[in-house]
Structures are given as C-alpha cells and as structure tokens.
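Engineer: Under the working numbering, the letters of the sequence shown match residues 24 to 456, in that order.
This is the structure I have questions about; it appears just below.
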Amino acid sequence: NIRSGPDISFDKIGQVNLGERYLVMEEENGWLKINFTGESAGWVSDRYVGRLQEEQTGAQDEPKPKKEIIVTGNQVNVRSGPDTSFSKIDSLGKGVRLPLILHENGWYQVELSSGNIGWIADWLAEPVSAQEAPPDSEPPALGTEKSTVIATPSTLNVRSGPSLDAERIGAVTQGTRMSLVSRSGDWYQVEMADKRKGWVAGWLVQFPGTALSSWKYQPSQVAVIQRVGESKEVRHYLAGKTIVVDPGHGSIQPGGWTDPGAIGSGGLWESDAVLEIGKKLRNLLEKEDARVIMTRTGDTNLSLEGRARVANEISADVFVSIHANSSPGSSINGTSTYFYAPLGSELGSQREMRKKLAECVQEKLLQYAGRANLGVREENFAVLRSTTVPSILVETAFISHPEEEMLLRDTEFRNKLALGIMEGLAQYFQDTR
Ligand SMILES: [Zn+2]
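What follows is the structure, encoded as structure tokens:
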C-alpha cells in the first residue's frame, strides 16, 4: 500500500506490485517517499522494499543528443524512470514529437506536453533535429540487435506465460542472450537456445548497450518492491474480534466532580489524553473490521468494576485499559503494560493468554512510540482483577515526566500509541488463533 504520509495511519492512496521500481525522493522514520505515478508521490514502508545493489560505474559516452525525438512505435509507454519496470505515466501514439532532455542507456528523457518529465525506450523513438520534417521511420524489426534481451540475475526463470504465477518451464544464467519475440506489459516473450519460447520478467533483463549500473540515479535511490501486504496479513486477525477499549479515569465521583487521573506539571489531565488515544485506537480497530465498545467517550458514571462488566457481559475477546503513568519524581519515564492472573486463582487459567496479550502490546508500543521499556508487569488493578476475559492495562508514558507530558499532548504521539496497541492486539490474535 502507498499512503499519503509516512505512517500506517495515513490514507491509502494507491498500491504497488512486486518487482516494481521507484525513485526514492525522501526518507523518514522507516518510510520512503516514492514517485509512484510520476506525478504525485506517496509513502511506502521500507519493510517492503529493497534497494538496487549495483555499483555506479559512471555514464557511458553518448553522442550529443539532438533536440527532439519522434515516437516511432504505436502506443509507446512513457515511464517514470529509465527502465521498463518503472510505472507507466503516459502513452503516446506514433509520430508524436517531444523535446529531448537527455539520451542515456537506451532511454530518452523527454518533456511531456503536460510539462512532466518521462522516459521512453529509445528503440521506440528516433531523434530528429527540431527543424527537420519527421522522417517516415519504422520501429526496429524483430531479430535486430535491439530485439535481444540479456538475463541480469544469476538465474532467470523462463515461464509459460507473462506472469509470476505462470509455470516455470526453464531457466537461463546471467548474461544469456535471447531473441525477443513479443511483449505483454512488462513481460517479454523470448526464444531460448533450444528454440523453445517462453516469458521472462522485463525488470530482470536488459538490452545490449544498456546497464542498470550506469543509470543517472544512484542505485540506492531506487526502491524495489520486494514484499506486499505483509502487515495487512497480521492486522486481518482483528476482523470480527470484540474489543473493549477503556480510557482510564473520567469517572464522575459521588461529590459530582470528575476523576482527572494524574495531572502533569504542564496541566495535562490523564483522563483527557487517554480518552483521545482510546478514540484513535477505536478508529483504527474499526478500520480492520473489529467490533469496538468504549467504556466511555466522555465522562462516565461507571465504576472500575462496572467497566470490567462491560467486557464480561458480552464475552469480549479482550479488554484494554489505557492510562498514563505518574511518579513523585519527574525523571521516571517509559512504557509498561500490566496483566493480572495469579496462579491458583480463578484467573490463573488465563495466565498464559493474559501475559501473551501484555507482551504483544508492550512490544509494539515500544516499536511504534519508541519510549523506554519498563517491561510487562503483574499488578492487582481493579479492572484487571474484575475482568473475566483476557485484559491488560497500558501505562503509555509518564505524565509526570515533562517531555512525556508534552508527547502525550501531541496528536502524532497519540497516533503512534494507538497504532502500537492495535498492532499488538493483531499480533496477539494471530499468535493465539
Ligand atoms: Zn491512570
């Protein structure tokens, strides 16, 4: 998935496929900004991409390019980079003339009528000087030097059709030359030495005289999509689960006042911060088709036992209480997750599940929010003692620590905490399925 920002909380704005290559424009927190349509940019997690490893060897000598090219092929694809594995950004008919920017390694970089920059394979266009009338040229015939492809990986699979799902009918070694028979999308039909025909992936071959290693771009600037949908696989275990989210405090007291929880030196109320985190968590979980019940969405009359009963009465899959920690010293900081299941008690039979739940959420909270690890702990908290379903209490960060109080006010940090809890729950449901 490609998102509008460097975080899984941002909207999906597109998708990329295995093997595609994109130029990296920017990097941030493990996310890469790529030009995935050639016009707009999106972000992809670096967990799904690799980088080209080829060393840059310097550009080859090229004759001075002329000022314009004329398209000689029919329906020629314009791509976002100088290789058939870059995304298609436009398509041009035969005879179209375009200003030429540079000619490199078998590709023309051209200026499109939209003002955007694109790349066209040079065997599908001819240079013309701006004054000349367009020559009546034809694309090179099959069987010429231009229609030879060379295998680039150490072993290149040859398949029965133009798809990774097609049956493997053979393989050739690096450097093997094969004649090009036809094309389908990014796949080439080739003839092997034994005269059998098969299909090879276009991004795994090159043409004579071209080399990835002399691209205009540093290889490290090119992201190669290596995995797709992995994170989604974990998160889909949330679908259909019933999750009670309990933002701590905010209970209306007998005297009519509301329990704020701990209050930071900057004036932040724990009850306010954890309510916002809880709402974000609900939104994320609902996006994954989980059923979410909040114990409160404002102030509440529920007691601690009453909050636990919300989960007990509907036999929820899990109960998650969200808090911010506090300590008399202002230097203590970090994240911890609590469970309660003493051996020998009625809850003892859930010990492994409750501990597992706490461990999964703690691990993902550390990964997403990045605060110090105060560990998984066991404590006899009322909501943990009173729940009959697996339950945890998350102490997200210390409101008594000035820096963490500031973070707890911050929308982005709240997002990260919600994401961490969600990913931890998904991991728990996957591990206990
Ligand atoms: Zn609290």
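Even glycine gets a Cβ: it sits at the ideal position worked out from N, Cα and C.
List the DSSP bridge partners of Lys35.
Structural biologist: Sequence index remark: in the sequence shown, residue 35 carries index 12 (1-based). DSSP output for Lys35 lists Arg26 as bridge partner(s).
Engineer: Does the structure place the stretch 100-115 close enough to the stretch 218-229 that three or more beta carbon pairs sit under 8 Å?
Structural biologist: Cβ pair count under 8 Å is three or more, so yes.
Engineer: Rounded to whole angstroms, what's the CA-CA distance from Glu328 to Ala405? Just pull it up for me.
Structural biologist: The count along the sequence shown starts at 1 and reaches residue 328 at position 305. The count along the sequence shown starts at 1 and reaches residue 405 at position 382. Distance between the alpha carbons of Glu328 and Ala405 is about 7 Å.
Engineer: Please say whether Thr358 and Leu388 have beta carbons closer to each other than 9 Å?
Structural biologist: Walking along the sequence shown from the start, residue 388 turns up at place 365. Walking along the sequence shown from the start, residue 358 turns up at place 335. Yes. Within cutoff.
Engineer: With hydrogens ignored, establish whether the beta-carbon of Gly271 is closer than 8 Å to any heavy atom of ligand 3.
Structural biologist: Ligands present in the displayed structure are limited to ligand 1, and ligand 3 is not among them.
Engineer: Is the CB of Gly357 under 9 Å away from at least one CB in chain B?
Structural biologist: In summary, chain B is missing from the structure at hand, where a single protein chain is found.
Engineer: According to DSSP, is Glu43 part of a helix, a strand, or is it coil?
Structural biologist: Within the sequence shown, the letter at position 20 stands for residue 43. In this structure, Glu43 counts as coil in the three-state DSSP scheme.
Engineer: Less than 6 Å between C-beta atoms, sequence neighbours within five positions excluded: which residues of the same chain meet that for Leu440?
Structural biologist: Here residue 440 refers to the residue found at position 417 when the sequence shown is read from its first residue. Excluding sequence neighbours, Leu440 sits near Ile300, Ala392, Thr419.
Engineer: Taking C-beta to C-beta, are Leu416 and Phe362 nearer than 9 Å?
Structural biologist: Against the sequence shown, residue 416 aligns to sequence position 393. Against the sequence shown, residue 362 aligns to sequence position 339. Contact flag set, yes.
Engineer: Comparing alpha-carbon positions, which option in Glu149, Ile140, Ser137, Leu135 lies nearest Gly129?
Structural biologist: In the sequence shown, residue 129 corresponds to position 106, counting from 1. Considering only alpha carbons, the answer is Glu149.
Engineer: Note down, one range per segment and in chain order, each beta strand (DSSP E) of at least 3 residues found wholly within the stretch 290-376.
Structural biologist: 314-317, 341-348, 358-362, all fully within the stretch 290-376.
Engineer: Just to confirm before moving on: does the CB-CB distance between Val133 and Ile140 stay below 9 Å?
Structural biologist: Position 110 of the sequence shown, counted from the start, is the residue given in the question as residue 133. Position 117 of the sequence shown, counted from the start, is the residue given in the question as residue 140. Yes, the pair counts as a contact, with Cβ atoms nearer than the cut-off.
Engineer: By the three-class DSSP mapping on this structure, what secondary structure does Gln154 have?
Structural biologist: Locating residue 154 in the sequence shown gives position 131, where the first residue counts as 1. Low confidence applies here, because Gln154 scores a pLDDT of 45, under 50, leaving its location unreliable; read the following figure in that light. In this structure, Gln154 counts as coil in the three-state DSSP scheme.
Engineer: According to DSSP, simplified to helix, strand and coil, what is Glu438?
Structural biologist: Position 415 of the sequence shown, counted from the start, is the residue given in the question as residue 438. It should be pointed out that residue 438 corresponds to Asn in this sequence rather than to Glu. Looking at Asn438 - three-state DSSP - the assignment turns out to be helix.
Engineer: Excluding the 5 residues flanking Ser114 on each side, which residues of the same chain have their C-beta closer than 8 Å to its C-beta?
Structural biologist: Here residue 114 is taken as the residue at index 91 of the sequence shown, counted from 1. Taken in chain order, the residues that qualify are Gln98, Val99, Asn100, Val101.
Engineer: Considering only residues of the same chain and omitting the five flanking positions on each side of Arg408, which have a CB-CB separation below 7 Å?
Structural biologist: To locate residue 408, count along the sequence shown from 1; it is residue 385. Here the set comprises Tyr363.
Engineer: Report the partner residues of Lys264 according to the DSSP bridge assignment.
Structural biologist: Numbered from 1 along the sequence shown, position 241 holds the residue referred to as residue 264. Answer is none; Lys264 lacks a bridge partner.
Engineer: Could you spell out where the beta strand (DSSP E) holding Ser288 opens and where it closes?
Structural biologist: Taking the sequence shown and counting its residues from 1, the one referred to as residue 288 is at position 265. Ser288 -> no beta strand (DSSP E), and no H or E assigned at all.
Engineer: Would you tell me roughly how many angstroms separate the C-alpha atoms of Thr320 and Gly287, rounded to the nearest one?
Structural biologist: Translated into positions along the sequence shown, residue 320 becomes position 297. Translated into positions along the sequence shown, residue 287 becomes position 264. Taking the straight line joining both Cα atoms gives about 22 Å.
Engineer: Between Ile93 and Trp66, which are expected to be in contact by the criterion C-beta below 8 Å, what is the C-beta distance as a whole number of angstroms?
Structural biologist: For the purposes of this step, residue 93 is taken as residue 70 along the sequence shown, with counting starting at 1. For the purposes of this step, residue 66 is taken as residue 43 along the sequence shown, with counting starting at 1. Not really, about 37 Å apart at Cβ, beyond 8 Å.
Engineer: Compute the Euclidean distance between the alpha carbons of Asn438 and Met445, then round it to the nearest angstrom.
Structural biologist: As a position in the sequence shown, residue 438 is number 415, starting the count at 1. As a position in the sequence shown, residue 445 is number 422, starting the count at 1. One C-alpha to the other measures close to 10 Å.
Engineer: Taking all protein chains shown into account, do 16 or more other C-beta atoms lie within 10 angstroms of the C-beta of Tyr451, making it buried, or fewer, making it exposed?
Structural biologist: Here the question's residue 451 lines up with position 428 in the sequence shown. Tyr451 should be labelled buried.
Engineer: What is the rounded straight-line gap between the Cα of Pro184 and the Cα of Ser103?
Structural biologist: Taking the sequence shown and counting its residues from 1, the one referred to as residue 184 is at position 161. Taking the sequence shown and counting its residues from 1, the one referred to as residue 103 is at position 80. One point to set straight first is that residue 184 is Gly, not Pro, in the sequence displayed. Going by the C-alpha atoms only, they are around 26 Å apart.
Engineer: In angstroms with no decimal places, state the Cα-to-Cα distance between Ser372 and Ala331.
Structural biologist: Position 349 of the sequence shown holds residue 372. Position 308 of the sequence shown holds residue 331. Near 18 Å, if we compare the C-alpha coordinates of Ala331 and Ser372.
Engineer: Assuming contact is defined by CB atoms lying nearer than 9 Å, are Ser338 and Val412 in contact in what I supplied?
Structural biologist: Taking the first residue of the sequence shown as 1, we reach residue 338 at position 315. Taking the first residue of the sequence shown as 1, we reach residue 412 at position 389. Yes, the pair counts as a contact, with Cβ atoms nearer than the cut-off.
Engineer: Ile57 by DSSP, collapsed to three states: which one?
Structural biologist: Here residue 57 refers to the residue found at position 34 of the sequence shown. Strand.
Engineer: Assign Ser274 to buried or exposed, taking buried as 16 or more other Cβ atoms, counted over all protein chains shown, within 10 Å of its Cβ.
Structural biologist: Start at 1 with the first residue of the sequence shown, and residue 274 comes out as number 251. Label assigned to Ser274: buried.
Engineer: Which residue or residues does DSSP assign as beta-bridge partners of Lys111?
Structural biologist: Along the sequence shown, read from residue 1 onward, the residue named residue 111 stands at position 88. Its beta-bridge partners are Arg102.
Engineer: What does Gln212 pair with, by DSSP beta-bridge criteria?
Structural biologist: Position 189 of the sequence shown, counting from 1, holds the residue named residue 212. Beta-bridge pairing links Gln212 to Ser205, Trp222.
Engineer: Go through its chain and collect everything with a Cβ distance to Gln276's Cβ below 8 Å, but skip five positions before and after it.
Structural biologist: Here residue 276 is taken as the residue at index 253 of the sequence shown, counted from 1. Here the set comprises Asp282.
Engineer: Check this for me: beta carbons of Trp292 and Gly279, under 9 Å apart or not?
Structural biologist: For this step, residue 292 is matched to residue 269 along the sequence shown. For this step, residue 279 is matched to residue 256 along the sequence shown. Against a cut-off of 9 Å, the Cβ pair of Gly279 and Trp292 comes out as no contact.
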